[in-house]
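Inspection log for the structure reproduced underneath, given as structure tokens.
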Amino acid sequence: MKAVKPEQVLATFPASVTQARCWVMDQIQPGNRGLNLAIRWEARGNLPGDVAEAAFQEIVNRHEILRTRFVERDGEPMQEVVDHVDFKLNRVDIRNIPEADQEDRIRAIARDHADEPFNLSRPCLFRVAMVQMSRDRAALLISVHNSVFDGFSIRVLGHEFGTIASALIEGRPHGLPELPLQYGDYAMWFRDYEAAGALAEDEEYWLRQLRDMAYFEVPSDHPRSVAKPETRSIARDLPADFDARMTEAARRLDVSFFALGTAATSAALERASGRGDVSFAIQVAGRNDVDLEPLIGIFTNPIVLRFNIDPGQTLSSHALATRALVNDAIAHQNLPFDRLVQKLNPKRDPLRIPVVSIMFNLQRAFLQELDYGPFELVSVQSHSPGTLYDLHLAILGRKSGWRIVIDYNANLFQAATVERIADAMVDLLTQAIDAPDKPISAVAPILRAPVAEPAPAPSEAQPAVKEDAGALPRLARIWSDLLALPTDAVDGNFFDLGGYSVLSLRMLAKVGETFGYRPSLYEFLADPTLRGMADLIGRNTETAPAPATEPPARPMWGLIELRPGAPAGPVLLSVNQTFLYQSIGQGIGAEATVANIAIPDREALAAEAAAGFDAAMEQAADLVVRRYGGRPLILTGLCVDGRLALRLAQALEARDNPVASVAMIDTWAPGAVQEFSALRRWLDKLTVRARRLGYFLKMRMQGRIGWADLLKQYSLGQRLLRLSGKAGERPDLDAMIDATVTQFVGQTRAYAFRPYSGEVVLFVTEAQGIVPRDGVLGWGSLLSADTAVHRIRGWHGESVLRSGFDRVTRVLDDKLKRLSRGRTQDG
Numbered sequence: 001m002k003a004v005k006p007e008q009v010l011a012t013f014p015a016s017v018t019q020a021r022c023w024v025m026d027q028i029q030p031g032n033r034g035l036n037l038a039i040r041w042e043a044r045g046n047l048p049g050d051v052a053e054a055a056f057q058e059i060v061n062r063h064e065i066l067r068t069r070f071v072e073r074d075g076e077p078m079q080e081v082v083d084h085v086d087f088k089l090n091r092v093d094i095r096n097i098p099e100a101d102q103e104d105r106i107r108a109i110a111r112d113h114a115d116e117p118f119n120l121s122r123p124c125l126f127r128v129a130m131v132q133m134s135r136d137r138a139a140l141l142i143s144v145h146n147s148v149f150d151g152f153s154i155r156v157l158g159h160e161f162g163t164i165a166s167a168l169i170e171g172r173p174h175g176l177p178e179l180p181l182q183y184g185d186y187a188m189w190f191r192d193y194e195a196a197g198a199l200a201e202d203e204e205y206w207l208r209q210l211r212d213m214a215y216f217e218v219p220s221d222h223p224r225s226v227a228k229p230e231t232r233s234i235a236r237d238l239p240a241d242f243d244a245r246m247t248e249a250a251r252r253l254d255v256s257f258f259a260l261g262t263a264a265t266s267a268a269l270e271r272a273s274g275r276g277d278v279s280f281a282i283q284v285a286g287r288n289d290v291d292l293e294p295l296i297g298i299f300t301n302p303i304v305l306r307f308n309i310d311p312g313q314t315l316s317s318h319a320l321a322t323r324a325l326v327n328d329a330i331a332h333q334n335l336p337f338d339r340l341v342q343k344l345n346p347k348r349d350p351l352r353i354p355v356v357s358i359m360f361n362l363q364r365a366f367l368q369e370l371d372y373g374p375f376e377l378v379s380v381q382s383h384s385p386g387t388l389y390d391l392h393l394a395i396l397g398r399k400s401g402w403r404i405v406i407d408y409n410a411n412l413f414q415a416a417t418v419e420r421i422a423d424a425m426v427d428l429l430t431q432a433i434d435a436p437d438k439p440i441s442a443v444a445p446i447l448r449a450p451v452a453e454p455a456p457a458p459s460e461a462q463p464a465v466k467e468d469a470g471a472l473p474r475l476a477r478i479w480s481d482l483l484a485l486p487t488d489a490v491d492g493n494f495f496d497l498g499g500y501s502v503l504s505l506r507m508l509a510k511v512g513e514t515f516g517y518r519p520s521l522y523e524f525l526a527d528p529t530l531r532g533m534a535d536l537i538g539r540n541t542e543t544a545p546a547p548a549t550e551p552p553a554r555p556m557w558g559l560i561e562l563r564p565g566a567p568a569g570p571v572l573l574s575v576n577q578t579f580l581y582q583s584i585g586q587g588i589g590a591e592a593t594v595a596n597i598a599i600p601d602r603e604a605l606a607a608e609a610a611a612g613f614d615a616a617m618e619q620a621a622d623l624v625v626r627r628y629g630g631r632p633l634i635l636t637g638l639c640v641d642g643r644l645a646l647r648l649a650q651a652l653e654a655r656d657n658p659v660a661s662v663a664m665i666d667t668w669a670p671g672a673v674q675e676f677s678a679l680r681r682w683l684d685k686l687t688v689r690a691r692r693l694g695y696f697l698k699m700r701m702q703g704r705i706g707w708a709d710l711l712k713q714y715s716l717g718q719r720l721l722r723l724s725g726k727a728g729e730r731p732d733l734d735a736m737i738d739a740t741v742t743q744f745v746g747q748t749r750a751y752a753f754r755p756y757s758g759e760v761v762l763f764v765t766e767a768q769g770i771v772p773r774d775g776v777l778g779w780g781s782l783l784s785a786d787t788a789v790h791r792i793r794g795w796h797g798e799s800v801l802r803s804g805f806d807r808v809t810r811v812l813d814d815k816l817k818r819l820s821r822g823r824t825q826d827g
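Under full-length UniProt numbering, the first residue of the sequence shown is numbered 1, with each subsequent residue one higher.
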């Protein structure tokens with residue numbers, strides 16, 4: 001797919017907690033196949049390929065999450081929604097292959113299709129292949145990234161696809177209602193919900209339940225290694241009458257189908273491990289509001305079940321205990337798993353998932369297998385591209401029957417071991433149905449010789465690294481800022497000190513900014529200490545960091561908010577002359593933040609002069625990204641400050657933080673005035689002076705300004721006021737503004753701006769007499785051909801103070817409201 005242009009981005013939101021977890025896992029292992037979800041359907045009947053493609057396109061149009069990509073801002077993942085994605089269906093025709101060989105071919109295609117990694121920086125983390133087996137049979141192979149999709153989304157996707165495709169075939173509207181929400185709304189709502197303290201009770205429950213829990217894992221056949229997990233699967237069909245008999249057994253024991261299956265599975269893990277303190281995760285749907293049910297997205301949340309299993313107890317008593325455990329866990333399901341990990345703060349191991357090593361699912365297939373008229377959709381067992389866990393145990397039900405499926409890491413387990421675990425699950429499910437009053441020990445334990453973890457391999461000699469005395473203190477300051485600890489208290493394990501996954505990414509981003517080298521999260525996890533980080537930096541930077549005694553660069557910019565807005569809403573950012581934009585802030589109706597970035601004082605102005613224009617604008621961009629990174633931005637500036645706004649937009653674009661619009665007021669391109677002869681410029685100067693006098697005399701006659709205000713507009717008038725003693729002292733602020741304008745005019749008079757493809761809006765006041773032939777104040781060769789120009793009443797700076805106020809604010813307010821789209825408001 002082509003690179004995303006700034007104008008394509010509709011909205012930017014913080015990643016949800018679960019999306020952030022997916023992002024972290026992808027950072028540890030880019031292209032992690034364990035985050036790919038594979039789905040296989042079979043369409044039976046009349047389903048043309050072009051209809052299938054059009055139906056999926058409509059689904060992508062309806063669901064913003066399928067037009068989402070992920071970008072990093074200051075070490076944190078953000079989700080960006082683009083306006084449109086062209087969905088292309090991958091079509092494969094195997095009708096020329098003998099029917100007996102088709103299934104093997106489909107499995108091979110499905111494996112390749114599901115295993116292909118996703119690039120999270122590209123929108124539409126969703127692809128489909130349609131394999132035509134015969135005129136009226138086709139396999140639909142769906143691969144989608146877990147950061148935008150969960151199990152329940154399969155049901156939504158299937159329902160919408162069947163409804164839309166059948167409507168297209170029959171030539172009628174599909175009739176699906178407009179979605180009440182989008183996933184970004186949910187992400188914003190949950191962030192506010194969590195910030196309001198609504199999860200405190202759930203947090204207390206889970207800390208009490210899991211505080212002293214030992215890490216549970218089934219002893220492996222092979223030692224762990226840094227090699228990428230190799231996922232394999234085994235499947236075991238259950239008897240045809242399993243559903244009916246299991247349902248009846250659960251009824252007799254007064255437990256749910258799920259609780260009984262969970263009890264049998266946990267007992268099988270006790271048999272496989274020899275440990276009574278068994279724990280694993282289950283997924284809850286997380287859609288506790290009816291408005292979330294029609295959405296595609298990732299709402300699921302892993303919750304941890306911790307069992308205390310005595311092999312001498314009966315399976316029926318264990319099932320009753322499991323019922324209570326499951327009910328309590330589901331009642332406290334809202335605490336995100338990653339928040340639980342932060343609070344428990346277990347020792348990190350780059351070779352293990354925190355807290356749990358096993359995931360368990362018991363469910364009926366999400367797809368509602370329905371006849372949609374022209375065709376029928378049927379769920380088929382799909383290829384598993386990978387698993388994040390040592391073992392992923394599932395008991396799955398379809399119309400064709402129930403089966404046990406176990407995905408496992410073949411680097412840890414032999415197939416024979418996993419087969420024995422499946423045998424134990426079958427035996428205990430059978431016991432739960434036929435003889436629940438027998439002890440768990442009636443099923444024999446799975447005995448294997450323990451495998452010792454390998455001794456550390458002798459490390460290859462590393463070239464000596466000269467220790468940089470300045471690295472540790474600077475690292476300590478970074479850790480101190482992020483962990484809210486004194487600098488002398490951060491010499492330890494980052495996670496023991498209160499760090500967590502997303503905070504570690506933020507820390508690595510700051511390390512990259514400071515030292516010019518950013519370690520990967522995987523490298524950091526190998527030794528997550530200050531000295532470990534310093535060693536990484538020393539080995540991977542060509543030159544040592546600057547000594548700590550070197551004074552930091554003098555900040556050149558100050559950034560203040562003139563009016564707060566919604567936390568993730570758009571930002572209107574003006575450049576310099578702060579007082580001019582107070583009224584702009586008051587006139588904006590959108591839920592936008594109104595802010596100003598400016599050279600604050602003489603010392604900063606001197607620092608800017610020493611650094612130079614480009615360096616100053618780069619520092620300004622860094623400040624804006626730190627404060628408003630990931631939020632929609634509109635930049636504005638008057639006169640020379642419009643040039644600064646444009647240069648700032650280019651610097652932000654280079655940081656992958658595109659700007660929605662740049663509004664320049666009376667801003668000429670450098671050198672554009674040279675289009676006119678000296679005589680023409682002199683005559684224009686006289687004309688403008690006369691027009692200026694008429695403009696301010698009119699304001700005086702209307703009582704909008706006083707005589708002193710009128711005289712201040714002219715150098716002669718200013719001298720008369722000083723002679724009369726009525727001028728007063730010239731405010732330092734006015735002198736500072738003049739000095740700033742003079743400095744930037746000098747720096748940009750001959751500056752070679754690069755072409756800019758983003759949106760620019762020009763406001764031209766009555767202060768402009770002659771105008772270059774291009775109609776856009778000389779910017780014609782540098783800006784888009786459709787650059788908008790608005791003529792406004794008012795005289796230069798007065799346009800944002802009084803006279804042109806309505807026109808300027810109306811244009812900017814409309815743009816901000818479109819950016820907000822009603823979805824950045826609190827709640």
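We put the CB at the ideal spot given by N, CA and C, even for glycine. Predicted, not measured: the structure shown is a model, and the values here were computed from it.
{"Asked": "Around the Cβ of GLU460, are there at least 16 other Cβ atoms within 10 angstroms (buried) or fewer (exposed)?", "Found": "At GLU460, the pLDDT of 40 sits below 50, so the modelled position is not reliable; the number obtained from the coordinates is stated separately. It is exposed - the Cβ of GLU460 has fewer than 16 other Cβ atoms within 10 Å."}
{"Asked": "Grab the span of the beta strand (DSSP E) containing TRP41 for me, first residue to last.", "Found": "36-45"}
{"Asked": "For LEU644, which residues in the same chain have their Cβ closer than 6 Å to its Cβ, ignoring the five residues on either side in sequence?", "Found": "VAL575 and GLY637"}
{"Asked": "First and last residue of the beta strand (DSSP E) that includes GLY642?", "Found": "Premise fails: GLY642 lies in the alpha helix (DSSP H), 640-654, not in any beta strand (DSSP E)."}
{"Asked": "Provide the residue span of the alpha helix (DSSP H) that contains PRO473, from first to last.", "Found": "471-483"}
{"Asked": "Quick one: using the 10 Å Cβ neighbour count with 16 as the cut-off for buried, is ILE142 buried or exposed?", "Found": "buried"}
{"Asked": "Using the C-alpha atoms, what's the distance from GLU766 back to ILE634?", "Found": "24 Å"}
{"Asked": "Determine contact between the stretch 656-671 and the stretch 809-820, defined as no fewer than three beta-carbon pairs at a distance below 8 Å.", "Found": "yes"}
{"Asked": "Identify, in the order they occur along the chain, each residue of the same chain with its Cβ nearer than 6 Å to the Cβ of PHE360, setting aside the five sequence neighbours on each side.", "Found": "THR265, PHE280, ILE282 and LEU393"}
{"Asked": "Return helix, strand or coil for LEU812, following the three-state DSSP convention.", "Found": "helix"}
{"Asked": "Between the Cα of PRO219 and those of PRO229, GLY274 and VAL255, spot the shortest distance and give me the residue it belongs to.", "Found": "GLY274"}
{"Asked": "Helix, strand or coil, according to DSSP, for GLN209 in the structure here?", "Found": "helix"}
{"Asked": "For HIS113 and ALA129, what's the separation of their Cα atoms in angstroms?", "Found": "8 Å"}
{"Asked": "Roughly how many angstroms separate the alpha carbons of THR18 and PRO77, rounded to a whole number?", "Found": "11 Å"}
{"Asked": "Can you give the beta carbon distance from THR231 to ASP407, rounded, assuming they're within the 8 Å contact cut?", "Found": "6 Å"}
{"Asked": "From ALA43, VAL640 and ASP202, pick the residue whose C-alpha is nearest to that of GLY162; which is it?", "Found": "ALA43"}
{"Asked": "Is the separation between the beta-carbon of PRO385 and that of ASN146 shorter than 8 Å?", "Found": "no"}
{"Asked": "Buried or exposed, going by whether 16 or more other CB atoms sit within 10 Å of the CB of ALA165?", "Found": "buried"}
{"Asked": "Could you tell me whether the stretch 254-271 touches the stretch 95-111, where touching means 3 or more Cβ pairs closer than 8 Å?", "Found": "no"}
{"Asked": "From ARG306 to TYR193, what does the alpha carbon distance come to, in whole angstroms?", "Found": "27 Å"}
{"Asked": "Determine the DSSP secondary structure at ASP423, reduced to helix, strand or coil.", "Found": "helix"}
{"Asked": "Output yes if chain B places a C-beta closer than 8 Å to the C-beta of THR68; else output no.", "Found": "This model lacks chain B altogether; it includes just one protein chain."}
{"Asked": "Looking at the structure shown, is ASN409 part of a helix, part of a strand, or coil, going by DSSP?", "Found": "strand"}
{"Asked": "Express the C-alpha separation of SER153 and ILE296 in angstroms, rounding to a whole number.", "Found": "5 Å"}
{"Asked": "Anyone know if the C-beta pair for LEU472 and ALA534 falls short of 8 Å?", "Found": "yes"}
{"Asked": "If you compare alpha carbons, which of ILE303, ASP614, GLN431 and PRO177 is closest to ALA250?", "Found": "GLN431"}
{"Asked": "Going by CA-CA distance only, name the one from LEU605, VAL82, TYR581 and ALA590 that's closest to ASN596.", "Found": "TYR581"}
{"Asked": "Using the beta-carbon count (16 or more within 10 Å), is HIS318 buried or exposed?", "Found": "buried"}
{"Asked": "Are there 16 or more other CB atoms within 10 angstroms of the CB of ILE560, so buried, or fewer, so exposed?", "Found": "exposed"}
{"Asked": "So, is ARG271 buried or exposed, given that buried needs 16 or more other C-beta atoms within 10 angstroms?", "Found": "buried"}
{"Asked": "Tell me which residues share the same chain as VAL437 and place their Cβ nearer than 6 Å to its Cβ, disregarding the 5 neighbours each side in the sequence.", "Found": "The amino acid occupying residue 437 in the given sequence is Asp; Val does not appear at that position. THR314 and SER316."}
{"Asked": "Going by beta carbon distance, what residues of the same chain come within less than 8 Å of PRO564, once the five residues before and after it are set aside?", "Found": "THR593"}
{"Asked": "CB-CB under 8 Å to THR262, same chain, minus the five flanking residues each way: which ones, in chain order?", "Found": "ILE282, LEU305, THR322, VAL326, PHE360 and LEU362"}
{"Asked": "Nearest to ASP291 by CA position, among GLY492, TRP206, GLY780 and LEU179, is which residue?", "Found": "LEU179"}
{"Asked": "Please list, in chain order, all residues of the same chain as GLU369 whose beta carbon is under 8 Å from its beta carbon, the five residues on each side excluded.", "Found": "GLU376, LEU377, VAL378, SER379, ARG398 and LYS399"}
{"Asked": "Would you grab the beta carbon distance between LEU238 and ARG40 for me? Rounded to a whole angstrom, and I think it's under 8 Å.", "Found": "Rounded, the Cβ-Cβ distance is 20 Å, inconsistent with contact."}
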